[in-house]
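Position in the sequence shown (first residue = 1) + 13 = this note's numbering. Virtual Cβ for every residue (Gly too), placed ideally from N, Cα, C. Note that the structure is a prediction, hence the values are computed from the model and not measured.
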Amino acid sequence: AHLRSNYIPSHLERSQIQSNGIEIQKDLENYAREISRLQKILNQLEEERRIVESHAERLAGLVIPIRRLPTEILGEIFDVLCSPKCKFHPVGNDGDLIQRGPLPLQNVALLLSQTCYFWRSVILSRAELW
14 AHLRSNYIPS
24 HLERSQIQSN
34 GIEIQKDLEN
44 YAREISRLQK
54 ILNQLEEERR
64 IVESHAERLA
74 GLVIPIRRLP
84 TEILGEIFDV
94 LCSPKCKFHP
104 VGNDGDLIQR
114 GPLPLQNVAL
124 LLSQTCYFWR
134 SVILSRAELW
């Protein structure tokens, strides 16, 4: 109410206002320190979560069905995908097959070989893909 009027505080009131201002400034500094401390904890927790998520993804990758395919069948699948007769190739961002465009067949084998070490070894073992 006093801010919108021409009220002039007394000497005692000015002293109290200044004292309150100092206390408020200390409170603000305490909040800033606490926020900084909590931000560090939050950053650490987020990093730990990323590590756990990465570990969970690797574990999930161990039990996906395609890992149970025998090498020979996986090689046959790669043969079909790399064949000139195949109208699709595996370059969709979501892992889906998309219509084959002007991509050379060797590039399909190269893309497949970059999936994981096992797929690379299967593709490299099949001379007809190169």
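{"Check": "From the DSSP output, in three-state form, read off Q29 for me.", "Outcome": "helix"}
{"Check": "Span of the alpha helix (DSSP H) holding L87?", "Outcome": "T84 to C95"}
{"Check": "Using the beta-carbon count (16 or more within 10 Å), is L51 buried or exposed?", "Outcome": "exposed"}
{"Check": "Skipping 5 residues on each side, what residues in its chain have a beta carbon closer than 7 Å to that of I136?", "Outcome": "F91, A122, L125, S126 and L142"}
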